[in-house]
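The sequence shown begins at 1 in full-length UniProt numbering and counts up by one.
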Amino acid sequence: MHACFDNGATTVMDPRVLDAMLPYFSNMYGNPHSRSHAYGWEADDACEHAREQVANLIGANSKEIIFTSGVTESNNLALKGVTNYAKTKTGKKGVITTQIEHKCLIDLQQLEDAIRPGETVLVSKPLKKIGEIRRKHGVYFHTDCAQAVGKIPLDVNDMNIDLMSIFGHKVYGPKGVGALYVEMDRDKEHVSRLTRKLLDGIRGHLPKISLNGSESESASLEPSYVLRAIGVGDDLAHTSLRFGIGRFTPDEEADNAIAKVIEQVRLIFRVRQFL
């Protein structure tokens, strides 16, 4: 009889996991990106259900979970993604990590002393204390939690974690399946702030402007059916304009958009006076 005491390297797949997966190797084989038929819908529902399960495990939102082929891809995506973005956008290029990764021990005072204002972009590896320090200094925090997820309680919000790598085969799942958690609150804060700025800036000069949340018919010359459904007439619906703000939209572009909208609307009003 053989006994395995190497569960730190990998784990046997839980029979319940195998039972849950088997149908997707036979009759439920649709592509989740095929949105035009039932096979695709079924696969997409399964992927989103799995995404919600992973998110619930670490106290995240399902939209913050990215599936990968494993922890190596997750780590590379997190570290290279953040460092390349920061180097391009902010000029920061410092990364702080442990010298001996698998001991996962770090002196917290040394960590704080190592953060160089204007240079350090990311801290990799107790988690909550590190999270508190990194938040104070405004740097990103990534942790490889392949050995921790499913074994100890984790809450990415309570621990102030920005990025977390996860691997399936360490927690009784299949090999070749992993995930990366990416905290999205910064995106939401940025988009919300610029949205308010855009609306307030335009309304400050054009007080009759109204706001709606419809994204429909943006590529069509027909008025939005959503606006018509809530009682807006065709003439008014034809004057709707959609603004889509993203994580990389700078303040200067919002300022420019405000100025352009005000300029063009005033021009339209002047032209209409002569019609």
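C-beta: ideal position from N, C-alpha, C; glycine also. None of the values given here were measured: they were computed from a predicted structure.
Return helix, strand or coil for residue i, following the three-state DSSP convention.
i       : result
Met-28  : coil
Phe-141 : strand
Tyr-85  : helix
Val-95  : strand
Tyr-181 : strand
Met-159 : coil
Ser-36  : coil
Met-164 : strand
Thr-72  : helix
Phe-243 : coil
Using 8 angstroms for Cβ pairs, my map puts residue i next to residue j. What's the rounded Cβ distance?
i       : j       : result
Ala-254 : Leu-198 : 5 angstroms
Arg-266 : His-190 : Not quite, the Cβ-Cβ distance comes to about 29 angstroms (not below 8 angstroms), so this is no contact.
Thr-68  : Gly-150 : About 17 angstroms; that fails the 8 angstroms criterion.
Gln-147 : Lys-170 : 6 angstroms
Compute the Euclidean distance between the alpha carbons of residue i and residue j, then round it to the nearest angstrom.
i       : j       : result
Leu-127 : Ile-161 : 8 angstroms
His-137 : Ala-50  : 34 angstroms
Val-271 : Thr-195 : 29 angstroms
Gly-59  : Gly-40  : 28 angstroms
Val-139 : Lys-93  : 11 angstroms
Tyr-172 : Ala-257 : 52 angstroms
Lys-188 : Ile-245 : 10 angstroms
His-37  : Ala-46  : 15 angstroms
Asp-155 : Arg-135 : 16 angstroms
Thr-88  : Asp-19  : 46 angstroms
Glu-101 : Gly-8   : With a pLDDT of 49 at Glu-101, under the threshold of 50, the modelled position of this residue cannot be trusted, and the question is left open.
Phe-167 : Ala-55  : 14 angstroms
Looking at residue i: is its Cβ nearer than 8 angstroms to the Cβ of residue j?
i       : j       : result
Asp-144 : Val-82  : no
Asn-27  : Ala-43  : no
Ser-165 : Ala-78  : yes
Met-13  : Pro-153 : no
Which residue's Cα is closest to the Cα of residue i: the options?
i           : options                               : result
Lys-63      : Gly-150, Asp-185, Arg-135 and Ile-130 : Asp-185
Val-95      : His-37, Glu-132, Pro-23 and His-142   : His-142
Leu-163     : Gly-131, His-169, Ile-152 and Gly-176 : Gly-131
Ile-65      : Phe-243, Ile-262 and Val-182          : Val-182
residue 277 : Ser-34, Leu-57, Leu-22 and Ile-268    : The structure shown does not extend to residue 277, since the chain is modelled only from 1 to 275, so the question has no answer here.
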